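Here the structure comes first, spelled out in structure tokens, and everything after it is commentary.
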DNA sequence: CCGAATCCAGGCGGATACTG
DNA sequence: CAGTATCCGCCTGGATTCGG
């Protein structure tokens, strides 16, 4: 019990909630989708148009992933309209990310030194 | 038209602090390194042994990236020893991630959480 | 309007061997 | 001990086309 070596095992890698979460929403488009859905619900093409540069393919994949995580709900309206919205869990996460965004914005110039907007 | 369309442009994608942060530390090994360095400083091979499954190559790359972000400091001791530590900024981020981990663990049903110490 | 299917390039990350 | 260098598989993500 003298020198205690903490080992981050592969099990830990899979088990650590924050690691999983970061890998899930740390992809290219999830944050943009979450941000848009935070204000109001959107249709598919509406999201497609609003997120500059995204492909329909990746929008589909991103939405499916967020849906699987219970962060986004998908409700077909007419046969021509599908509505995507943040679930309560999604809104909850959004708040957390918002807090993280406060931190990031505050320490941004010092660390990543990219042009502040 | 009075319908206001919020567009997440490519510029926004680059500018959004939280998006950049998530993409930076949302990689495979950064969280593990941050967690280990949160408790105490480590040498290179010490980290290598402690993080199960990581290759020296990826450990180097991860450390360099964290160093570039100002989250980790690298201080050569002897010619045979280099010490890695979390910077104050790194500790600051670690606290934020810990809070996020609390949230993740609560909504995850996960077994292990980020043990804060 | 809302996707699915296919094809393809680039980057992330692993394995291995070598250096000071 | 603390890395580099090289090769390579795989997965992410973009472009395009097709279907309901």
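Residue numbers (the numbering used here), protein chains in the order written: chain W, 6 to 122; chain B, 6 to 122.
The beta carbon of each residue, even a glycine, is placed where N, CA and C say it ideally should be.
All figures in this text were calculated on a predicted structure; none of them were measured in a lab.
Where does residue 86 of chain B sit, in a helix, a strand or coil, going by DSSP? Counting from 1 along the second chain, the entry for residue 86 of chain B is found at position 81. Coil, per DSSP.
My output table needs one value for residue 47 of chain W: the three-state DSSP class, helix, strand or coil. Here residue 47 of chain W refers to the residue found at position 42 when the first chain is read from its first residue. Strand, per DSSP.
Shorter than 7 Å, the distance from the beta carbon of residue 34 of chain B to the closest heavy atom of the ligand SAM, or not? Among the ligands in the structure shown, none appear at all, so the ligand SAM cannot be discussed.
Go ahead and pull the three-state DSSP assignment for residue 71 of chain W. If you number the first chain from 1, residue 71 of chain W lands on position 66. Residue 71 of chain W falls in the helix class under three-state DSSP.
So, helix, strand or coil for residue 92 of chain B, using DSSP? In the second chain, the residue the question calls residue 92 of chain B occupies position 87. In the structure shown, residue 92 of chain B sits in coil (DSSP, three-state: anything other than H, G, I, E or B).
Residues of the region 50-67 of chain B whose Cβ lies closer than 7 Å to any Cβ of chain W, in chain order: Residues 55, 56, 57, 58.
Whose CA, out of B/51, B/63, B/45, B/87, lies closest to the CA of residue 99 of chain B? Looking up residue 99 of chain B in the second chain gives position 94. The shortest Cα separation from residue 99 of chain B among B/51, B/63, B/45, B/87 belongs to B/45.
Could you check what DSSP says for residue 80 of chain B in three-state terms: helix, strand or coil? Sequence index remark: in the second chain, residue 80 of chain B carries index 75 (1-based). In the structure shown, residue 80 of chain B adopts extended strand secondary structure according to DSSP, grouped into three states.
By DSSP's criteria, residue 56 of chain W is part of a beta bridge. Which residues make up the other side? Here residue 56 of chain W corresponds to residue number 51 of the first chain, with the count starting at 1. According to DSSP, which records beta bridges pairwise, residue 56 of chain W is partnered with B/13.
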